[in-house]
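In our numbering, the protein residues as written are 90 to 330.
Backbone N, C-alpha and C define an ideal beta-carbon position, used for all residues, glycine too.
Here the structure comes first, spelled out in structure tokens, and everything after it is commentary.
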């Protein structure tokens with residue numbers, strides 16, 4: 090009986106991972122779902138500002154763990170897997186670039202998916218030019234989301250610890266509603282799933298579709314200083330010394 094249940098869970102995990110992979114073959118659909126249906130709302134004002142700076146000046150960026158995103162022709166897309174828009178495939182712990190190659194490095198929801206973030210951050214530091222900037226979104230309160238694995242979360246103090254070689258320009262927790270909503274959606278799906286991964290997936294999807302507008306309360310609440318205590322995400326901007 091135990092072996093049957095274990096095999097069933099394994100099959101269901103494979104189904105969900107395959108579904109995610111298939112959706113990523115259609116970047117616009119995937120980005121729409123990630124932007125609007127997913128429980129996290131974050132302002133991308135600073136990200137857009139950096140992209141404009143890169144495009145208007147003689148600068149070059151590297152988007153690590155880019156997935157299907159494509160910010161600019163002057164930002165190289167790097168990932169472990171050959172998703173649409175990926176230009177270079179490789180290992181985050183051994184980036185195939187010379188020292189001091191980039192003015193900017195982007196790490197958007199990547200570090201939670203690597204088992205040794207200190208090594209990944211060391212590589213980001215290496216490929217940045219002196220004075221170069223790393224811009225990152227790093228989760229604090231979020232449910233488990235493997236892509237293909239999920240290892241850790243960062244507090245604001247954790248950010249300071251791991252990025253000790255950089256000057257920290259911004260380290261701000263944002264998204265108190267997003268963090269709470271993600272956990273609540275997951276809790277309700279678990280509660281109503283009768284321990285079935287398939288039922289859990291169906292219920293979780295329905296709850297997300299119904300409840301996602303709640304996350305937009307973060308447009309207001311993310312401006313409250315104490316919202317960092319239950320923030321969904323740390324917005325991080327650091328400069329290479």
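For residue j and residue i, believed in contact at Cβ under 8 Å, the rounded distance
| i | j | result |
| --- | --- | --- |
| residue 229 | residue 244 | 6 Å |
| residue 212 | residue 181 | 7 Å |
| residue 192 | residue 218 | 6 Å |
| residue 278 | residue 299 | Contact flag wrong, Cβ pair sits at about 12 Å. |
| residue 254 | residue 187 | Contact flag wrong, Cβ pair sits at about 18 Å. |
| residue 216 | residue 194 | 7 Å |
| residue 137 | residue 222 | Not confirmed; about 15 Å, so no contact. |
| residue 317 | residue 271 | Their Cβ separation, rounded to whole angstroms, is 16 Å, which puts residue 317 and residue 271 out of contact at 8 Å. |
| residue 309 | residue 251 | Wrong, their Cβ atoms sit about 30 Å apart, outside the cutoff. |
Residues near residue i by beta carbon distance below 7 Å, same chain, minus five either side
| i | result |
| --- | --- |
| residue 204 | 240 |
| residue 234 | none |
| residue 264 | 129, 130, 131, 307, 311, 320, 321, 322 |
| residue 190 | 216 |
| residue 236 | 202 |
| residue 269 | 319 |
| residue 95 | Per-residue confidence for residue 95 stands at a pLDDT of 37, beneath the threshold of 50, marking its modelled position as unreliable; the derived number appears in the next sentence. Correct list: empty, nothing qualifies. |
Nonlocal neighbours in the same chain, by C-beta distance under 8 Å from residue i, ignoring five residues either side
| i | result |
| --- | --- |
| residue 315 | none |
| residue 161 | 140, 143, 144, 150 |
| residue 373 | The structure shown does not extend to residue 373, since the chain is modelled only from 90 through 330, so no value can be given for it. |
| residue 178 | 167, 168, 169, 170, 171 |
| residue 164 | 140, 143, 149, 150, 151, 152, 193, 195 |
Cutoff 6 Å; reference residue i; Cβ partners in own chain excluding five residues on either side
| i | result |
| --- | --- |
| residue 174 | 157, 159, 166 |
| residue 267 | 128, 129, 130, 304, 307, 321 |
| residue 197 | 226 |
| residue 133 | none |
| residue 326 | 224, 258, 259 |
| residue 261 | 324 |
| residue 301 | 126 |
| residue 293 | 278 |
| residue 276 | none |
| residue 184 | 212, 216 |
Unbroken beta strand (DSSP E) run spanning residue i, endpoints
| i | result |
| --- | --- |
| residue 193 | 191-197 |
| residue 222 | 217-228 |
| residue 307 | That residue, residue 307, is in no beta strand (DSSP E); its alpha helix (DSSP H) goes 307-310. |
| residue 136 | Looking at the DSSP string, residue 136 is not in any beta strand (DSSP E); the run it does join, the alpha helix (DSSP H), is 134-145. |
| residue 187 | Careful: residue 187 lies outside any beta strand (DSSP E) and carries neither H nor E. |
| residue 153 | 150-153 |
| residue 164 | 164-168 |
| residue 66 | Any property of residue 66 remains undetermined from this structure, which presents the chain solely from 90 to 330. |
Closer than 8 Å to chain B by CB, residue i
| i | result |
| --- | --- |
| residue 314 | Absent from the structure is chain B; it holds one protein chain and no more. |
Original post:
Mind pulling the beta strand (DSSP E) runs of 3 or more residues that sit fully within the stretch 224-296?
Top reply: 255-263
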